[in-house]
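K.L.:
Protein sequences, first through last, are from chains A and B.
No gaps in the numbering here: position 3 of the first sequence is 6 in the numbering used here, and each next residue is one more.
No gaps in the numbering here: position 3 of the second sequence is -12 in the numbering used here, and each next residue is one more.
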Amino acid sequence: SAVISQKPSRDICQRGTSLTIQCQVDSQVTMMFWYRQQPGQSLTLIATANQGSEATYESGFVIDKFPISRPNLTFSTLTVSNLSPEDSSIYLCSVNGGDYPTDTQYFGPGTRLTVL
Amino acid sequence: SQQGEEDPQALSIQEGENATMNCSYKTSINNLQWYRQNSGRGLVHLILIRSNEREKHSGRLRVTLDTSKKSSSLLITASRAADTASYFCATALYNFNKFYFGSGTKLNVKP
């Protein structure tokens, strides 16, 4: 299994600013995933982050808007840049409990972002 | 959604009845997982079914997988008011490092 923590748990930001979300895992993992959940919607994969390489972004998500760092095997950050009210969402990180993709996929508690 | 759809989008039943939710996906998978999310809260993992499995049980939950139809179903038997939540299927793709969610079903169990 994997225990994931995220910081901050929630934040209220002004438009035009940026927010960096931290994700910490209690074990070493190769891949970490970042998701966005807009109000009342399902989870949408933003990007997959491997340690030591650039993140792979899904269609509709770009590095300039969602830069990701992955400095080691237990930690990652997602920055949401140049915030607009449309970025108000819950952001979640996720890892596999074993060797992806064979095991349970675990999720952090999420970061609830409100942009004014 | 990125990978597939769930139906129904919303389901309202009486306590004690069974609830069935369906999930369809688009590409070959390694496994499919079901999650529950209570309003505004975190994801709770319910069950994982691998691509070479056809049915799994866990308590009041029964999951089936039909890879030829690229579909899965989640059955909750003898539902309780506490089962009221959104339910999501998610698929781990076979050849790609992707884990995609379906659109979700909102279940309301009336006491």
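For glycine and all other residues, C-beta sits at the position ideal for the given N, C-alpha and C.
Please read all numbers here as calculations on a predicted model, not as lab measurements.
#1: By Cβ distance below 8 Å, which residues in the same chain neighbour I7 of chain A in space, the five residues on each side in sequence not counted?
#2: Counting only runs that start and end within the stretch 46 to 115 of chain A, where is the beta strand (DSSP E) found for 3 or more residues in a row?
#3: If you draw a straight line from the C-alpha of S64 of chain B to the C-alpha of L50 of chain B, how long is it?
#4: Determine, using beta carbons only, whether V94 of chain B and D68 of chain B come nearer to each other than 8 Å.
#5: With distances taken from CA atoms, which of B:S71, B:Y20, B:S57 and B:N16 is nearest P42 of chain A?
#6: I need the boundaries of the beta strand (DSSP E) containing T90 of chain B, first residue and last residue.
#7: Tell me, which residues are paired with N16 of chain B by DSSP?
#8: Are the beta-carbon atoms belonging to L17 of chain B and I34 of chain B less than 8 Å from one another?
#9: If you compare alpha carbons, which of B:Y20, B:Y85, B:M6 and B:E2 is closest to L59 of chain B?
#10: Touch check for the stretch -10 to -1 of chain B and the stretch 78 to 93 of chain B: three-plus C-beta pairs under 8 Å?
#11: Curious, which full-length beta strand (DSSP E) runs of at least 3 residues does the stretch 5 to 47 of chain A contain?
#12: For R39 of chain B, count neighbouring C-beta atoms within 10 Å of its own C-beta (all shown protein chains included) and say buried if the count is 16 or more, exposed if not.
#13: Mind checking the stretch 22 to 50 of chain A against chain B and listing, in chain order, the residues whose C-beta falls within less than 7 Å of any C-beta there?
#14: Quick one: using the 10 Å Cβ neighbour count with 16 as the cut-off for buried, is I61 of chain B buried or exposed?
P.N.:
So, from the listed chains and residues:
#1: C26, Q27, V28, D29, C96, S97, V98, Y109, F110, G111 and P112
#2: Whole beta strand (DSSP E) segments, 3+ residues: 46 to 53, 71 to 75, 78 to 83, 92 to 99 and 108 to 110.
#3: 21 Å
#4: yes
#5: B:S71
#6: T90 to K95
#7: B:R35 and B:A77
#8: yes
#9: B:M6
#10: yes
#11: 7 to 10, 13 to 16, 22 to 28 and 34 to 40
#12: exposed
#13: M34, F36, S45, L46, T47 and L48
#14: buried
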